[in-house]
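The structure under discussion appears below in the form of structure tokens.
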Amino acid sequence: MTRRAAAALCLLSLLALAACTGPQSALDPAGRDSATLSRLFWFMLAGAAVLWAAMNGLMFYAWRVDPRPMSVRGARTLIFAGGVVLPTVVLSGLLGYGLSIMPDQRAPGDGLRVEVTGEQWWFRVDYWPDGAAEPIRSANELVLPVGSRSEITLKADQVIHSFWLPSLGGKTDMIPGRVNRMSLEPTDVGEFRGQCAEFCGESHAWMAFTAKTLSPDDFAAWLTAEAAPAAPPRTDLARSGRDAFMAQGCGGCHAIRGTPARGQVGPDLTHLGSRLNLAAGALEVTRPDLIAWITDPSAIKPAARMPAYDHLDTGTIAAMAAYLEGLR
Amino acid sequence: MTDLGEGSPRLDSRRRDLEKDQAHVARGTYPPTEESLTRPIDPEEAEAQADRLRAVWDDPPGWRYWSAVNNSEVGVWYSMTAFGFMLIAGALALVMRLQLAVPDNELISADRFNQFFTMHGSAMMFLFAVPMFEAVSILLLPAFLGARDMPFPRLSAYGFWAFLIGGVFVMGSLLFDAAPSSGWFMYPPLSTLDEGLGTDIWLLGLSFIEVASIAAAVELIVGTIKCRPPGMRINLMPLYAWYVLVVGAMILFAFPPLIAGDFLLELQRSLDWPFFDPARGGDPLLWQHLFWIFGHPEVYIVFLPSIAVAAMIVPAAAQRPMVGYNWIVLSAVGTGFLSFGLWVHHMFTTGLPSISLGFFSAASEAVVIPTGIQLFAFVATLLAGRVKMILPMLWIAGALAIFTVGGLTGVMVALAPFDWQAHDTYFIVAHLHYTLFGGMVFPLIGGIYFFYPFIRKRTLSERLGRISFWLTFTGFNIAFLPMHLTGLRGMPRRVYTYPGDVGWDTLNMISTVGAFVVAAGILVFAWDLVRPKGAPMSTRNPWNAGSLMWSHDIPDQFWGVRSIPYVTSRNPLWDQPGIVARMDQGGYYLPDAREGLRETIVTSAIDARPQLVARVTGPAWCTIWAAVFTGGAFIFPTFSWYLPALLSGIAAVACIVWWLWTSTALIPERPMKDVGLGLSLPTYVSGPSAPGWWGVFITMLGDMVAFASLIFGMFFYWTARPDFPPPQAEHAAGGWVVASALLYTASWAATRAARPVQRRGRVPLAQVLLTAGALTATAGAAALVLSVSGLDPTSHVYPAMLYAVAVWTAAHTVAGVVMQLYCLAGTVWGKVLPEYDAPVWNTVLFWHFMLVTALGSAAAIGLLPRLL
Chain A
376 MTRRAAAALC LLSLLALAAC TGPQSALDPA GRDSATLSRL FWFMLAGAAV
426 LWAAMNGLMF YAWRVDPRPM SVRGARTLIF AGGVVLPTVV LSGLLGYGLS
476 IMPDQRAPGD GLRVEVTGEQ WWFRVDYWPD GAAEPIRSAN ELVLPVGSRS
526 EITLKADQVI HSFWLPSLGG KTDMIPGRVN RMSLEPTDVG EFRGQCAEFC
576 GESHAWMAFT AKTLSPDDFA AWLTAEAAPA APPRTDLARS GRDAFMAQGC
626 GGCHAIRGTP ARGQVGPDLT HLGSRLNLAA GALEVTRPDL IAWITDPSAI
676 KPAARMPAYD HLDTGTIAAM AAYLEGLR
Chain B
16 MTDLGEGSPR LDSRRRDLEK DQAHVARGTY PPTEESLTRP IDPEEAEAQA
66 DRLRAVWDDP PGWRYWSAVN NSEVGVWYSM TAFGFMLIAG ALALVMRLQL
116 AVPDNELISA DRFNQFFTMH GSAMMFLFAV PMFEAVSILL LPAFLGARDM
166 PFPRLSAYGF WAFLIGGVFV MGSLLFDAAP SSGWFMYPPL STLDEGLGTD
216 IWLLGLSFIE VASIAAAVEL IVGTIKCRPP GMRINLMPLY AWYVLVVGAM
266 ILFAFPPLIA GDFLLELQRS LDWPFFDPAR GGDPLLWQHL FWIFGHPEVY
316 IVFLPSIAVA AMIVPAAAQR PMVGYNWIVL SAVGTGFLSF GLWVHHMFTT
366 GLPSISLGFF SAASEAVVIP TGIQLFAFVA TLLAGRVKMI LPMLWIAGAL
416 AIFTVGGLTG VMVALAPFDW QAHDTYFIVA HLHYTLFGGM VFPLIGGIYF
466 FYPFIRKRTL SERLGRISFW LTFTGFNIAF LPMHLTGLRG MPRRVYTYPG
516 DVGWDTLNMI STVGAFVVAA GILVFAWDLV RPKGAPMSTR NPWNAGSLMW
566 SHDIPDQFWG VRSIPYVTSR NPLWDQPGIV ARMDQGGYYL PDAREGLRET
616 IVTSAIDARP QLVARVTGPA WCTIWAAVFT GGAFIFPTFS WYLPALLSGI
666 AAVACIVWWL WTSTALIPER PMKDVGLGLS LPTYVSGPSA PGWWGVFITM
716 LGDMVAFASL IFGMFFYWTA RPDFPPPQAE HAAGGWVVAS ALLYTASWAA
766 TRAARPVQRR GRVPLAQVLL TAGALTATAG AAALVLSVSG LDPTSHVYPA
816 MLYAVAVWTA AHTVAGVVMQ LYCLAGTVWG KVLPEYDAPV WNTVLFWHFM
866 LVTALGSAAA IGLLPRLL
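Okay, here's the thing in structure tokens:
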């Protein structure tokens with residue numbers, strides 16, 4: 376290989392590495408399982424590149440170079456060596472390794488227990504601390520402690536979804552009528568993005584969630600805060616927003632702990648203001664986004680189940696947005 | 016004159032055993048003597064023979080052209096239609112790529128995007144890949160086998176018209192914004208909750224096409240088994256024919272589970288029987304199993320025919336016979352078998368136990384071995400030969416480069432843990448397009464460049480072929496190589512848009528640009544295909560290939576082959592000097608058509624000994640009407656028009672009965688015919704020597720698979736659900752179930768007894784038996800339905816399942832009774848005579864399977880729940 380080619384290759388591989396990062400990248404691992412799988416991928420990729428080059432190099436040689444015909448005996452040997460011996464050896468090794476990592480990936484969690492339910496099109500997230508009689512309910516956001524293995528129970532309401540947080544590990548389907556499980560073990564603190572991976576209808580593209588990993592202490596503090604009821608509104612605008620929220624019957628679908636709103640059809644909003652996303656990753660928790668969402672959810676997420684409130688005057692909607700934004 | 020069947024006495028007795036039921040068997044000299052093969056031929060007589068053949072095989076003139084059933088016509092219509100659907104499905108992909116080119120795009124709505132990706136996948140699979148294989152095989156197989164036509168030309172035509180009607184119906188739904196939108200995999204509960212017509216269009220429209228696909232598969236299997244030229248033992252078949260056999264068998268075993276699944280899903284949608292509703296004991300995973308038991312073999316159904324094409328191009332390029340023929344055949348068969356044991360790798364993320372994942376990971380890796388053998392055999396053949404630079408070989412080399420990428424990523428995703436990351440992401444989109452472009456599109460186009468001189472007697476442009484190749488090849492890699500990374504960076508499949516801050520935008524833009532380059536390449540090819548071309552070429556065998564196909568006539572003749580050769584080699588054109596000249600002179604079998612009938616030779620399944628002069632069917636409109644009415648029976652229920660559907664179904668049966676009655680198993684003018692080279696063959700046979708019997712046998716194997724899939728459903732619920740059957744469930748009425756089993760057995764026994772009775776000439780008694788058979792069968796079906804009539808199928812999946820099995824069996828009974836009555840009518844109106852009783856044999860054969868179905872249903876409905 377010439378020096379220039381080598382330099383180009385180095386540059387390319389640097390580019391490739393840079394291209395692998397991202398909040399939702401399986402090649403930018405922040406967890407034990409994703410790190411194992413990422414290593415497995417690079418290892419397999421290297422092997423695949425060699426095999427591809429060998430096979431196609433042979434083809435090219437046979438087709439364009441080939442000085443004189445090979446003996447039939449040699450050709451038969453090639454078939455046996457390339458078609459039987461090579462794959463048997465390579466695949467036995469690969470399969471042995473690949474299957475040996477499976478038990479670890481599916482190991483039962485020893486720390487936090489979380490139950491995630493797929494809804495159209497959002498994630499219901501219930502934390503079950505040890506000994507809890509009731510879950511601490513949240514939505515579209517998953518917070519996990521670093522350094523321990525969290526057990527995740529997966530359910531679905533209407534249709535099949537799939538829970539996937541690539542930065543931490545592989546995905547598992549959420550199937551109506553069935554209870555699935557998986558476990559994740561974050562190693563790095565950070566913020567990540569996860570997404571439904573099984574086609575689930577019109578707004579499948581907008582069914583994402585954010586994940587935060589915290590040190591065990593931070594996590595304990597966060598969980599205590601999360602378990603607390605909602606903060607009461609502090610400004611007049613927010614107070615009028617709360618009154619509008621209750622008057623419009625929003626509590627029929629949404630729960631805000633510490634208020635009369637107890638609905639369980641839609642996402643729990645108790646600490647909406649502190650979350651990293653709104654409407655399962657479609658928007659951010661900012662006042663303009665909240666206003667846009669309340670006004671017409673289907674304009675943002677096609678076929679969203681929440682009705683539009685565009686019949687309300689803009690002042691009322693803005694007040695509701697102020698109230699919701701303050702739910703920290 | 017030596018008697019047919021010299022050889023070891025044991026073999027001889029076995030042959031007699033097989034033919035003991037024949038009124039007439041082959042007589043005369045076989046194999047042909049050296050003297051008879053070199054005997055000079057009178058040119059004037061040969062010319063007169065050729066004129067008669069030409070008159071018999073010619074296409075109907077004018078608008079009647081569309082009633083043609085010749086494989087050469089139907090094959091072209093079929094493949095051009097499939098190609099057209101491919102272009103439409105490709106256009107859908109281009110719109111999707113435009114939508115995904117930039118984040119947060121609003122070019123098309125989410126719903127339309129979902130319709131587009133659903134139809135892109137469904138059309139590419141059901142309207143392009145599988146039909147294209149069948150179309151090309153209908154077009155080419157007889158030529159590879161030196162046969163005049165397929166064994167059932169009207170069945171090919173019926174299959175084509177059904178495909179056209181069904182395809183237009185399903186694709187047409189796009190124009191009304193009513194296309195299916197739950198994905199080509201149609202997973203319930205999403206598909207059962209869908210309120211539009213889309214899912215019904217998918218289920219019924221595609222079931223209709225699947226039926227047509229199975230019909231074509233039956234014909235291809237029978238064609239390969241029974242229509243080989245004398246002497247072409249099964250180990251001398253061109254590799255293409257082997258692949259047709261394997262793929263045909265795979266279609267036969269893979270499509271029925273999907274049809275059974277479609278049946279259950281449509282029952283849930285139209286009658287609310289809760290097969291996939293967990294609230295009432297159902298389970299969405301049953302559909303996934305049935306779908307992927309079909310879906311994974313489907314991948315190999317698409318892939319193997321392209322290997323078959325490559326297996327014909329490679330020896331022509333290497334100018335030597337294929338190295339490792341036996342290895343390739345074993346690998347093809349092995350791939351076929353293994354492909355049925357891999358389906359769970361599409362379900363690695365559904366939470367199955369680790370032991371299942373381990374098993375199916377291993378099986379998925381194992382399929383690399385037979386695939387590897389086939390690819391290495393091609394490379395080894397090229398190494399062992401002196402390679403000619405022919406254009407088709409460029410496409411094959413490109414195919415290998417692309418396919419190996421898909422194969423290697425396939426090895427990666429076959430490992431369950433890695434699949435947990437890759438599953439349902441753009442990594443899989445890249446993987447599957449690499450396998451399908453490399454394993455289907457490139458070999459197909461290479462194959463068209465290779466076979467076009469045979470099909471149209473002209474050549475395609477070398478220059479355009481190269482331009483098209485390089486555009487398609489580069490564009491493909493630009494479009495799909497980045498997708499591996501897009502997927503691993505987290506982009507799921509089937510999203511109509513994506514946010515801009517996740518890092519997918521540049522990659523998607525590159526893919527979109529690549530997709531348009533692919534489109535340009537395909538369009539160049541399409542232009543080459545349809546552009547006006549000059550005079551026919553002058554050489555018959557432009558590639559100097561060895562298979563019988565290249566003995567074709569220039570200018571074109573509709574007779575297939577002038578005379579059917581005696582074959583002793585895998586590459587007759589290389590190894591049997593003078594064979595083409597001798598064929599042209601009419602120096603082999605069946606050089607004449609004195610009776611003015613379309614005839615071809617039927618040979619025995621393994622060693623291709625001549626058995627029969629088959630009179631094949633000619634142009635007809637009834638096939639088109641049969642397809643139209645069958646289409647009505649499938650399409651009307653989409654709109655809940657059940658009465659028109661029923662009437663349409665009855666009309667379809669009437670058309671098919673008319674077609675069978677007027678054109679199949681005709682009583683010949685004389686029992687034996689001199690076919691040349693000192694051999695006389697019967698003009699009518701019954702039972703296992705007859706293609707019709709094989710047609711029924713093979714169809715019923717497929718039918719058994721569908722029935723087994725239903726029963727699998729019962730066992731699945733039993734293992735997967737604690738409440739199957741529910742503790743206090745009402746069961747089927749035991750007495751009626753027993754009565755049904757007894758009545759069906761009686762009907763079977765009466766039908767079985769009618770055959771020898773009729774043969775011995777005691778026609779009235781046979782008529783009584785057939786009548787009794789029809790009556791008891793009807794009563795048996797009634798008893799079976801009565802046994803479950805007290806249950807409410809909407810209440811729980813258990814009664815729903817019993818109902819489904821009963822409905823299935825009752826519907827089959829209709830076919831059984833129609834066949835019994837057909838035979839009865841045959842004995843009355845002279846269609847069936849003691850010596851000419853093929854319909855009775857076929858009916859008895861059907862009833863063997865019907866008995867299994869009926870007793871299986873009785874056991875499943877009456878016995879199984881009491882044991883569980």
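Protein chains in written order, with the numbering used here: chain A, 376 to 703; chain B, 16 to 883. Even for Gly, the Cβ is constructed at its ideal location relative to N, Cα and C. Given the structure is predicted, the values throughout are model-derived calculations rather than measurements.
Where residue i falls: helix, strand or coil (DSSP)
i                 : result
ASP611 of chain A : helix
TRP674 of chain B : helix
ILE236 of chain B : helix
PHE538 of chain A : strand
GLY707 of chain B : helix
GLU313 of chain B : helix
ASP501 of chain A : strand
ASP479 of chain A : helix
PHE200 of chain B : coil
VAL489 of chain A : strand
Short CB-CB distance (under 9 Å) between residue i and chain B
i                 : result
VAL459 of chain A : yes
GLU573 of chain A : yes
ARG553 of chain A : yes
ARG451 of chain A : yes
PRO541 of chain A : yes
GLY544 of chain A : yes
GLY397 of chain A : yes
MET376 of chain A : Note that MET376 of chain A scores a pLDDT of 46, beneath 50, so its modelled location is shaky; the value from the coordinates is reported in the next line. Chain B contact via Cβ: absent.
ARG488 of chain A : no
GLY701 of chain A : no
Integer Cβ distance of residue i from residue j, believed to fall under 8 Å
i                 : j                 : result
TYR505 of chain B : SER409 of chain A : According to the sequence shown, residue 505 of chain B is Gly rather than Tyr. 11 Å between Cβ atoms; not a contact.
ALA162 of chain B : ILE665 of chain B : At roughly 35 Å, the Cβ-Cβ gap does not stay under 8 Å, so ALA162 of chain B and ILE665 of chain B are not in contact.
Proximal residues of chain B, C-beta to C-beta of residue i below 7 Å
i                 : result
ASP548 of chain A : THR364, THR365, GLY366
Contact list for residue i against chain A, beta-carbon separation under 9 Å
i                 : result
ASP126 of chain B : GLU577, PRO677, ALA678
GLN283 of chain B : What GLN283 of chain B touches in chain A: nothing, since even the nearest Cβ is about 14 Å away.
Contacts of residue i in chain A (Cβ-Cβ under 7 Å)
i                 : result
SER222 of chain B : Neighbours of SER222 of chain B on chain A: none; closest Cβ ~22 Å, over 7 Å.
Cβ of residue i within 9 Å of any chain A Cβ
i                 : result
PRO293 of chain B : yes
PRO432 of chain B : yes
TYR315 of chain B : no
Residues that residue i contacts on chain A, provided the C-beta gap is smaller than 8 Å
i                 : result
LEU397 of chain B : MET434, ALA437, TRP438, ASP441
TYR513 of chain B : ALA580
Beta carbon proximity, residue i to chain D, threshold 9 Å
i                 : result
ASN515 of chain A : The structure shown has no chain D; the protein chains it does contain are A and B.
With three or more C-beta pairs closer than 8 Å as the rule, is the region 494-503 of chain A touching the region 635-655 of chain A? The region 635-655 of chain A, when compared against the region 494-503 of chain A, does touch it at the 8 Å Cβ threshold.
At least three beta-carbon pairs within less than 8 Å, the region 835-842 of chain B to the region 853-860 of chain B: They touch, by the three-pair rule.
Is there contact between the region 533-541 of chain A and the region 595-611 of chain A, where contact requires at least three CB pairs shorter than 8 Å? Using a Cβ-Cβ distance cut-off of 8 Å, the region 533-541 of chain A and the region 595-611 of chain A are not in contact, since fewer than three pairs of beta carbons, one from each stretch, lie closer than that value.
Are the region 444-459 of chain A and the region 392-401 of chain B in contact at 8 Å, needing three or more beta carbon pairs? Yes, they touch.
Could you say if the region 555-562 of chain A and the region 340-353 of chain B meet the contact criterion of at least three C-beta pairs nearer than 8 Å? Result no; under three Cβ-Cβ pairs closer than 8 Å.
Contact between the region 529-541 of chain B and the region 125-138 of chain B (3+ Cβ pairs under 8 Å): By the criterion of at least three beta-carbon pairs nearer than 8 Å, the region 529-541 of chain B is not in contact with the region 125-138 of chain B.
May I ask you to verify whether the region 83-94 of chain B touches the region 174-190 of chain B, counting CB pairs closer than 8 Å and requiring at least 3? Verdict: yes, contact present.
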